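Undergrad: Chains A and B, in that order, are what the protein sequence lines are. According to the working numbering, the first sequence is numbered sequentially starting from -14. According to the working numbering, the second sequence is numbered sequentially starting from -14. Note that beta-carbon positions come from the ideal geometry of N, C-alpha and C, so glycine has one too. The model shown is predicted, which means the values in this text are computed figures rather than measured ones.
2 protein chains.
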Amino acid sequence: MSKQPVFIAGEWRESDATGTFQSGNPATKEPLPEVYPVSSWADCDAALDAATTAFEEMRSLSGSQIAEFLETFANEIESRADELVKWANLETALPVSPRLADVELPRTTGQLRQAAAAARSSNWTQPVIDSANNIRSCYGALGPVCVFGPNNFPFAFGSASGGDFAAAIAAGNPVIAKANSSHPGTTKVFAECASAAAEKTGMPSAIVQLIYRTSHDVGERLVSDPRIGATGYTGSRGAGLTLKKAADAAGKPIYLELSSVNPVVFLPAILEEKAEELATEFAGSCLMGTGQFCTNPGMVVLIESSAAETFVTSVAKQFSEAGVGTLLSGAVEKSLHQSHAILTEAGAEVCTGTGAGNGVGYCAANTLLRISGSQFLTNPEVMQTEAFGNSSLIVVTESVTEAAAVLARLEGNLTGCLYSAADGKDDEAYHALAPILRQKVGRLLNDKMPTGVAVSPAMNHGGPYPATGHPGFTAVGIPGSLLRFAMLQSYDNVRQDRLPEILRDDYSGQAQRLIDGVWT
Amino acid sequence: MSKQPVFIAGEWRESDATGTFQSGNPATKEPLPEVYPVSSWADCDAALDAATTAFEEMRSLSGSQIAEFLETFANEIESRADELVKWANLETALPVSPRLADVELPRTTGQLRQAAAAARSSNWTQPVIDSANNIRSCYGALGPVCVFGPNNFPFAFGSASGGDFAAAIAAGNPVIAKANSSHPGTTKVFAECASAAAEKTGMPSAIVQLIYRTSHDVGERLVSDPRIGATGYTGSRGAGLTLKKAADAAGKPIYLELSSVNPVVFLPAILEEKAEELATEFAGSCLMGTGQFCTNPGMVVLIESSAAETFVTSVAKQFSEAGVGTLLSGAVEKSLHQSHAILTEAGAEVCTGTGAGNGVGYCAANTLLRISGSQFLTNPEVMQTEAFGNSSLIVVTESVTEAAAVLARLEGNLTGCLYSAADGKDDEAYHALAPILRQKVGRLLNDKMPTGVAVSPAMNHGGPYPATGHPGFTAVGIPGSLLRFAMLQSYDNVRQDRLPEILRDDYSGQAQRLIDGVWT
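1) Per DSSP, I500 (chain A) forms a beta bridge with which residues?
2) From R483 (chain A) to R469 (chain A), what distance separates their C-alpha atoms?
3) Is the CB-CB distance between A35 (chain A) and I(-7) (chain A) below 9 Å?
4) If you run the structure through DSSP and keep just helix, strand and coil, what is Q194 (chain A)?
5) Classify E262 (chain B) as helix, strand or coil using the three-state DSSP reduction.
6) Please classify S64 (chain A) as buried or exposed, where buried requires at least 16 neighbouring CB atoms within 10 angstroms.
7) Hey, quick one: how far does the alpha helix (DSSP H) through E76 (chain A) stretch, first residue to last?
8) Looking at the secondary structure, which residues open and close the beta strand (DSSP E) in which I487 (chain A) lies?
9) How far does the beta strand (DSSP E) with Q474 (chain A) in it reach, from first residue to last?
10) Please work out which residues of its chain come closer than 7 Å, Cβ to Cβ, to A231 (chain A), disregarding the five sequence neighbours upstream and downstream, and give them in chain order.
11) When you compare the CB of R121 (chain A) with every CB in chain B, is at least one pair closer than 9 Å?
12) Hey, P18 (chain A) and K(-12) (chain A) are a contact pair by Cβ (cut 8 Å); roughly how many whole angstroms apart?
13) Closer than 7 Å by beta-carbon distance: list the chain B residues that pair up with I114 (chain A), in chain order.
14) Determine the extent of the beta strand (DSSP E) in which C348 (chain A) is found, giving its start and end residues.
15) For L534 (chain A), would you say it is in contact with chain B, using Cβ-to-Cβ distances shorter than 9 Å as the test?
16) Restricting to Cα atoms, I'd like to know which of B:I51, B:T400, B:G427 is closest to A156 (chain B).
17) In three-state DSSP terms, what is I(-7) (chain A)?
18) For the ligand SAM, any of its heavy atoms closer than 8 Å to the Cβ of S305 (chain B)?
19) For the stretch 473 to 499 of chain A, which residues have a beta carbon sitting closer than 8 Å to at least one beta carbon of chain B?
20) Can you name the residues that DSSP bridges to A126 (chain A)?
21) Run down chain B in chain order and give the residues with a C-beta less than 9 Å from the C-beta of T459 (chain A).
22) I'd like to know if K185 (chain B) contacts chain A, where contact means its C-beta is closer than 9 Å to some C-beta of that chain.
23) Please look up how many angstroms separate the CB atoms of G128 (chain A) and N158 (chain A), rounded, as I've assumed it's under 8 Å.
24) Suppose you measure from the CA of R101 (chain B) to the CA of G465 (chain B); what does that come to, to the nearest Å?
25) What residues are listed by DSSP as bridge partners for C271 (chain A)?
26) Any chance the stretch 89 to 99 of chain A sits against the stretch 134 to 152 of chain A, with 3 or more Cβ pairs inside 8 Å?
27) For a contact meaning CB atoms closer than 8 Å, what does W504 (chain A) contact in chain B?
28) So V132 (chain A) and V174 (chain A) are supposed to be a Cβ contact under 8 Å. How far apart are they, rounded?
29) Below 8 Å on C-beta distance, what does Y450 (chain B) contact in chain A?
30) Spell out whether any CB of chain B is found under 9 Å from the CB atom of Y415 (chain A).
31) Is L207 (chain B) close to chain A, meaning its C-beta is less than 9 Å from at least one C-beta of that chain?
32) Looking at the strands, I want to know which residues DSSP matches up with P16 (chain B).
33) Determine, for H455 (chain A), whether the minimum Cβ-Cβ distance to residues of chain D falls below 9 Å.
34) Any contact between the stretch 479 to 499 of chain A and the stretch 0 to 12 of chain B? By contact I mean 3 or more CB pairs, one from each, below 8 Å.
35) Cutting at 6 Å between CB atoms, please list the residues of its own chain near E257 (chain B), excluding the five before and the five after it.
36) Looking only at its chain, what residues have a beta carbon closer than 7 Å to the beta carbon of T370 (chain A), apart from the 5 residues adjacent to it on each side?
Here you go:
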């Protein structure tokens, strides 16, 4: 069977392949018919050369021209929405509706349009002018960006369509998309849409390129190549850390979203007040999308009480009674079982689950595990093993003091939540725990599950390592997410007509500028 | 002889030392009498514990309280200015006046006061409020910061007084200062001033701590410890990369200023116009401070012409006639000779210098080397060997095209300059070269030497690797430099009275906030 072509330098061309792979339908466990190439270094080298040329051309484009491309791309996506949804459903088993068609696709085009608005306004470049010294600065594009997308959001985090893609392009960089191997067909349609949009809006032909897979060696070489500006990666911790090591050694920025257990603390008084209600809220959040969200609540911290027991019993019951969703792939199923084995071997008690699921295709039983605070503290690293999927670990501590010790041993996470009573009865415990949790997470929540990630300028979808590779940046939220793919550029005594327009004295645009200490 | 104590947890205490060292007087090549400890891990461990506690306490301080500390510290420094200048002159041989007393000391206290103003205004935290989603974000303190200062600015980049120190404290983090081993006596006086200021303003006793030296192993452990928030390092590339590797593996941010040759391009028409004048300007900049600036112009790119030859001849003459300054240490002298050996072995022609200097103490002859563009292109990595000191390398290319090829092979640098004629005769060449240089440097200059680094909000004292470790951050310029020691913190549905004051609805301060897309 003939291999699918890669998209390099504006051409769908035969890959210089070192092997092939197929994606599968998680609902049937059957491979899909299309065969995709594993790219050699020659493919990457050609893509890097083309991206270098595209970047040179992009540097003379205005923000408005880039915005037009992003908006046209969003339109192209909408014109092929049915096809995209069909592909993604086939390759990921995520439900067509509402998930793919009504939630993730509109979110994706919405992100692209927000990124377009950011490119058009140029506010994200944060222009600063010091008239007395005649020094000016702003953020500027960095160079070709390589995007590795995850398996769990084929649209909104897709390598040729998602948040990293939108941010990199809006900041003025071409993208080399490395498709997630579990949904190459979906990603290919996005690359076709991008190519059509690039042609319609007069973009360089290599503004977007697509490869499907590489060996580890080739991937490491790609992210550390001198022609690369930066890399965005969302995926497994193991593969991410391998890329990080290579990029770090070459001094190339790499933004990673790796793993997160997203601790949720239910304080005693609110649990006393409505344990059952909270159990239902928690179970819904944890099982939604078969738990395959980066911000899935994978760890719960309680302080022992009868209400805490009511909560655990209720969650266990709901988990055992709820339907079992399909997992994204055999690899996800395997990894989930492995994580359960690690946790139970370390002493976690099974409240419900851990076995095979009675669902369709790849699946696992909805799983609730339980340990004590002292078990956690004896073995904190192992007890933070991420069990990606429909699973959570409850840590029952004996006191607020022990809960504080548990939080103090947490690794970095994307989110952390504290539920507390409205009448102030939990306030003392809140103030003991919140400052500890605050430093461990990118987003701190009150009385709310973490699974929703609004595309808001105040969002931080980031956090300390190993949630991400750097605690100063967010992957969601525009314009903040653009700063990952930019460099700070200062101009010292540079003549007016040689400055970027936004730094000139006669600038007539609408962007906010900090001129001699005053926002203007 | 008794060892000098370290300053840990607010106490001058005996070090748990694994060895000792002495600093030397570079002008006499004699060791100074004081004996300083090489700290074991036990010292670092104690400092990390104390810093953790100090950080917890600092999180309840307002920006104004931190500002008072920084201002009081600046006053303390001024009250002991004579002593500081005397120590720094002894340990570095930098001239008392104007350099230490009239330039670097005022710059240092000025930076501290600018950092105080940033802490007081809180504008650096970039508060964003999304009312519809009730999500809010700002940058916040990261945790204890370890600062490794360089040898060449004992005040302005000193580990207990300089830019990294001021930025880390202003952002709300305690500092563990690792003195540069060439000026421990100077650094000790700063720590005494800081301690006095901390006491007067009611700061946690471990807001500033001081150790003098560690083994490489202990240093690597320090920057990767879970209790560390981030590290700031300015110094040699070798030692910096060792620390970077350790910090990267632990996912701890580390901001490094490593090495930079700061290319200066003189275009043909301006050289034709005033080769002699430019030679004098260049020679002055290159030999100032015996060339020991991070932004010293260590590489010049010319396009061959008789004016270019006039320039080279004139610089060589001025170099050979100018006095020879004292270098900071025997290590700097040795390293400079080694770099000259590497460059000449690779084919660089000696216009003047490379031998022993006829100056006082550690020194080397003012050195001008020369290669062709094709020599550079044959061996670009070696030809970019930094020769830190009173030295520069001229690259004579045969055309603008070849000059472009040279610039395209440059590593990342702090600065890059282009000199061009005012009448437009160099414009075509400028527009061919500037875009290439722009992506390689943090600060692009026109018609100006790079050695001055204004403390301006528009300054970027940073640049792509290996100039620094990340192209998005600056080490000079307030408030930008604070962002290195901060994390992005989002608050989702958090109750009003639990928010940082700056994110509350009833905030009454003066800081600019982005509320629902509008700066307010």
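TA: On the basis of the data shown:
1) A:I114, A:V503
2) 25 Å
3) yes
4) strand
5) helix
6) exposed
7) 66 to 77
8) It is not in any beta strand (DSSP E) - I487 (chain A) carries neither H nor E in the DSSP assignment.
9) 471 to 477
10) E205, V208, S209
11) yes
12) Not confirmed; about 12 Å, so no contact.
13) A443
14) No beta strand (DSSP E) holds C348 (chain A); DSSP gives it neither H nor E.
15) Residue 534 (chain A) lies beyond the residue range present for chain A, which begins at -14 and ends at 505; the question has no answer from this structure.
16) B:I51
17) strand
18) With respect to the ligand SAM, the structure shown offers nothing to examine, as it has no ligands at all.
19) L473, Q474, S475, Y476, D477, N478, V479, R480, R483, Q497, L499
20) A:A471
21) S122, L473, S475
22) no
23) 6 Å
24) Residue identity differs from the one stated: residue 101 (chain B) is Ala in this sequence, not Arg. Whole-angstrom Cα-Cα distance: 13 Å.
25) C271 (chain A) is not bridged to any residue.
26) yes
27) Q497, W504
28) Actually they are not in contact, since the Cβ atoms of V132 (chain A) and V174 (chain A) sit about 16 Å apart, beyond 8 Å.
29) A235, G236, K237
30) yes
31) no
32) B:G9
33) Absent here is chain D; the protein component of the structure consists of chains A and B.
34) no
35) A292
36) S324, I327, L328
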